[in-house]
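Inspection log for the structure reproduced underneath, given as structure tokens.
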Amino acid sequence: MSADTDHSRGRSGPAVTSAGDGKRLVILNDRTLRQRLVARDEQALVELVEVATPWLLGVTHAMLSDSGDAEDVVMQTFVTAWNRIGLVRDDGLDLVPWLLRIARNRAIDQLRSRRRLQIKTNLAGALGGLGESVTPAAEPNEAAQPGWHVHETVKAAVGALPDDQRIAIQLAYFRGLTQSEIAEHLAIPLGTVKTRLRLAFEKLRVSLASVKDWNL
Amino acid sequence: MNPHDWYVEHRVDFVARTLDSDDEMSFADHLRRCDECKAAVQAIERDLAWLPMGASPVTPRPGFRHQIVRNIVGGRHAVWRRWTVPIALAASVLVALGLYVPERRESDRLERTLAIRTGELTSLRDSLSVMRQAARVLQASISMNGQEGGLLIFADDVSHRWNVVVHGLPPAPPGETYQFWFICADGMVRGATVISQGGRPVFFTLGMPDEGGPVMGAALTMEPKSNRSPKPRGKELAQLTL
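What follows is the structure, encoded as structure tokens:
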């Protein structure tokens, strides 16, 4: 596929292809999109916002349990990305994971700065399945949601963990608690939390290796 | 277990941000100095890059995507919009100033000219009024160096002013000047020094003197410029009696 073809496809919006056992959505050529963003192509920004916003809102909403705060973080994330896209070294990290990392870090910073430990641990007590928002959120249309296959794969990988490790991962990664906070919340020794998280992350690194190079 | 082992053990925890803040800061500081840990952390970040996608997506409320784009792109345009009005205003002020300054100068010049002309007109009207209202007109001929001139007085008894015309006189010799006098009951009182204008008539208006008593007449003499006394010392050229 030539660069021109990639570019034109990127401009024309998401392209849907089928692969393997499930729906596979290849949205954009990531490198081309990055180049267009660096060139301040506003249409590229529109495309990135279109694809990434539901996932960023998913992460921030799960962590902050507040729609307004979640939207604020997502807004800040895109502003940061837009301003820094030309400064960030292309180290192989795709755009959407990069945005997810920014959003998650900002959400954690906000959680910690507001000292909302009590609130979030209370909310975490009512924790349901992975990725389920504490407050009701609009249900996405799976068929139209780019990246749904990635979500399903990650969800399956986390779901395959033993219960104690899965809960530790949910609290640590999707609720933003530190190891000490998890130990306090679960009333278990800190060392036990560290062990559970270490084992869980080791397994996830292996199980997620297959999605590492995906394009969203 | 050496100190570096602790960092090796907590690489994943740092990436996942499950360390307490003090440990997190310590690890970040270590990363700036340890290329091995830096590379290992980057590898873990790549392995777990998609892990946040485990959270269920949330459909944005209507208009939120547009709001994001507008906030970013609109912000860029707003920079220009922010400066457009001040620049336009500044340009307008400069243009207005550029037009105003010369116009203001011309306006000031015209105002000054108008004031001068108005003063002259007022003076002429005043002089004419003295002539038109004159109850008496006195005239005397003067012969100087073969030239025939004269002294003419329009006496206005209403305003108690005289309009005096001196004409046909040659220029005063060096060191001398023409001097107009009032002849009063108590003696002579200085009226005005007459400066010859190259043969042209000299007009001037005088009010009656405060001293010397009632005015009985007038005289024109040729006085040395050095004469500062209240009495004439030079040659009398003309005398008029009311």
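Respectively, the protein sequence lines represent chains S and R. Position one of the first sequence corresponds to residue 49 (this note's numbering), numbered consecutively onward. Position one of the second sequence corresponds to residue 2 (this note's numbering), numbered consecutively onward. The beta carbon of each residue, even a glycine, is placed where N, CA and C say it ideally should be. Predicted, not measured: the structure shown is a model, and the values here were computed from it.
Length of the line joining the Cα atoms of residue 101 of chain R and residue 112 of chain R: 16 Å
For residue 52 of chain S, three-class secondary structure by DSSP: The predicted position of residue 52 of chain S is uncertain, since its pLDDT is 33 and thus under 50; a value taken from the coordinates is nonetheless stated next. Three-state result, residue 52 of chain S: helix.
Residue burial classification, residue 254 of chain S (beta-carbon count within 10 angstroms, cutoff 16): exposed
Integer Cβ distance of residue 238 of chain R from residue 218 of chain R, believed to fall under 8 Å: Contact doesn't hold; Cβ gap of about 14 Å is too wide.
Environment of residue 279 of chain S [buried if 16+ CB atoms lie within 10 Å]: A question about residue 279 of chain S goes unanswered here, because the residues of chain S that appear run from 49 up to 264.
The segment 32-42 of chain R / the segment 57-68 of chain R touching (three or more Cβ pairs under 8 Å): no
Residue 209 of chain R versus residue 103 of chain R - alpha carbon distance: 47 Å
Chain S within 8 Å of residue 32 of chain R, Cβ atoms only: no
For residue 82 of chain S and residue 229 of chain S, the rounded distance between their alpha carbons: 38 Å
Beta-carbon neighbours of residue 257 of chain S, restricted to chain R and to distances below 8 Å: 48
C-alpha gap between residue 12 of chain R and residue 49 of chain R, whole angstroms: 12 Å
DSSP-derived helix/strand/coil call for residue 92 of chain S: helix
Length of the line joining the Cα atoms of residue 93 of chain R and residue 107 of chain R: 21 Å
Residue range of the beta strand (DSSP E) that includes residue 224 of chain R: 216-225
Inter-residue CB distance, residue 125 of chain S and residue 92 of chain S (contact presumed, cutoff 8 Å): With 8 Å as the limit, residue 125 of chain S and residue 92 of chain S do not qualify as a contact, their Cβ atoms being about 16 Å apart.
Separation of residue 244 of chain S from residue 45 of chain R, as counted between CA atoms: 17 Å
Neighbour list for residue 36 of chain R in chain S, Cβ cutoff strictly below 8 Å: Correct list: empty, because the minimum Cβ distance to chain S is about 14 Å.
Supposed close pair residue 135 of chain R, residue 156 of chain R - CB separation, criterion 8 Å: 6 Å
Contiguous beta strand (DSSP E) assignments of at least 3 residues, all confined to the segment 128-216 of chain R: 137-145, 148-157, 162-168, 177-185, 188-195, 203-208
Contact list for the segment 194-206 of chain S against chain R, Cβ threshold 7 Å: 195, 198, 199, 202, 203, 206
Given 8 Å, three or more beta-carbon pairs between the segment 124-140 of chain R and the segment 158-166 of chain R: yes
Distance between residue 135 of chain S and residue 22 of chain R (C-alpha atoms, nearest Å): 27 Å
In DSSP terms, what residue 244 of chain R is bridged to: Past the boundaries of the shown model lies residue 244 of chain R; chain R is included only from 2 to 243, so the question cannot be answered.
Residue 3 of chain R at chain S interface by Cβ criterion, 8 Å: no
Contact check, residue 140 of chain R vs residue 150 of chain R, beta carbons under 8 Å: no
Short CB-CB distance (under 8 Å) between residue 19 of chain R and chain S: yes
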